Ligand SMILES: Nc1ncnc2c1ncn2[C@@H]1O[C@H](COP(=O)(O)OP(=O)(O)O)[C@@H](O)[C@H]1O
Ligand SMILES: [Mg+2]
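Numbering (this note's numbering), first residue to last: 1 to 443.
Laid out in structure tokens, this is it:
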């Protein structure tokens, strides 16, 4: 007999046993009350008891079967519901855990005793907590490493006053913190949920935007003020003096050039920003490209009586997949800087080196150099080391920033090394193209 059947029979027998006494008693009473003269009076009690016992047992047996069926039915229903509920709860829990894990904000649940109920990965990273810390440490022990005024007691005080957040800084990073109470099932306060967000990058971007607008306005205002001044002087009568007029017009012309350069650079930058720039990439011999750029800059170097050397002849063609115009612009920019920031009779060496999978274009000058503490900033927009040095006002401070974006847009890199008073070396690295579409594998 299958086990289930055996089990069911046992249960039925148990129900049957429970049912016998009441059902039998009921049947005996019914039989006793049955009005009949059929049996002699002295046997009546005995017979009705026998009939009651027989019928009662039969009925108890039938009822037990009926009940067992219903009980099983109910039990099955309840089991299914229970299982459903259980799996629903488990899947809700999993869902929540996945969300908490994926979220970039740190989320921390703290009980009223300061015990850490839950801390997601981001919270552990922000507050530099190990799994052990989460299990064993009190919230205050953790937060006091970073801030004095965000203990649980203080947070509860802030909440009393209707204050739901603040900021704190640590190790050069800035964090936004928000908190709120959570309740237990009876609506009583059970603890606080604390949300932490690293806003360092966001703040940096905001500051950069403010700086950018200020810089653009300043850069445009300077030539405009100068143009306006000279024009007014001319209108006020200076125009009578032909020599003076010529001088003033030359200044106005050069200031207009400066504004033109600036606007052109800005437009280029905004194109990169919006990623609208469409590269017209094709296979180009970088050696030929650099040779042409050196030729183009030759006149400028001669005007400063500088030596401009190109060492790339022996290399033969080296093919890179690039937007020719853009990369030429970068090379010209870097050579232009070398000429601009190198004194008369200085020396500029331009070389091409072949690495494994890469080609490096180097521009080395023996010019004024860049102070070490400013070196990391030269790729920033509008950054110029010192206007009073070398080239004065002729630069916008956008050249290297644009160059970097172009090179990066090609999957390459541009680096600068310098020693103040001794010279500067700029290296432009691009991926070599051995076969069309597949750069050589290693760097
Ligand atoms: N070869 C170099 N020698 C010395 N300083 C340099 C050199 N190249 C760049 N710099 C410094 O980096 C700053 C940023 O360069 P860049 O973005 O090209 O702007 P700029 O328009 O002033 O040339 C320059 O203002 C200059 O101070
Ligand atoms: Mg420049």
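We put the beta carbon where it would ideally sit given N, CA and C, even for glycine. Just so you know, these numbers come straight off a predicted model, no measurement behind them.
- Counting only residues of its own chain and dropping the five nearest sequence neighbours on each side, residue 251 has a CB closer than 6 Å to the CB of 230.
- Here the alpha carbon of residue 89 sits roughly 59 Å from the alpha carbon of residue 355.
- Contact check for residue 177 and residue 196: beta-carbon distance about 5 Å, within the 8 Å limit, so the pair qualifies.
- Rounded to whole angstroms, the separation of the alpha carbons of residue 123 and residue 95 is 18 Å.
- Closest in alpha carbon position to residue 164, among 172, 149 and 180, is 180.
- Scanning the segment 155-191 for uninterrupted alpha helix (DSSP H) segments of 4 residues or longer gives nothing; none is fully contained.
- Looking at the backbone, the Cα of residue 109 and that of residue 160 are separated by about 18 Å.
- Excluding sequence positions up to five before and after residue 142, its CB lies within less than 8 Å of the CB of 116, 127, 129 and 133, all in the same chain and listed in chain order.
- Remark: the C-beta of residue 337 is in contact range of ligand 2, defined as less than 7 Å to any heavy atom.
- 106 is the residue among 112, 135 and 106 whose C-alpha sits nearest the C-alpha of residue 121.
- Excluding five sequence positions before and after residue 402, the CB atoms of its chain that fall closer than 7 Å to its own CB belong to 265, 268 and 269, given in chain order.
- Taking the Cα positions, residue 287 is about 38 Å away from residue 205.
- Taking the Cα of residue 259 as reference, the smallest distance to any Cα among 139, 82 and 219 is reached at 219.
- According to DSSP, residue pairing for residue 429 in a beta bridge involves 360 and 413.
- Exposed is the label assigned to residue 4, since fewer than 16 other Cβ atoms lie within 10 Å of its Cβ.
- When secondary structure is reduced to three states using DSSP, residue 111 falls in the strand class.
- Under the three-state reduction of DSSP output, residue 346 falls in the coil class, being neither helix nor strand.
- Taking 7 Å as the cut-off, one finds no heavy atom of ligand 1 near enough to the beta carbon of residue 222.
- Taking the CA atoms as reference points, residue 139 sits about 51 Å from residue 369.
- For residue 228, the uninterrupted alpha helix (DSSP H) segment begins and ends at 200-235.
- If you check the CB distance, residue 289 and residue 328 come in under 8 Å.
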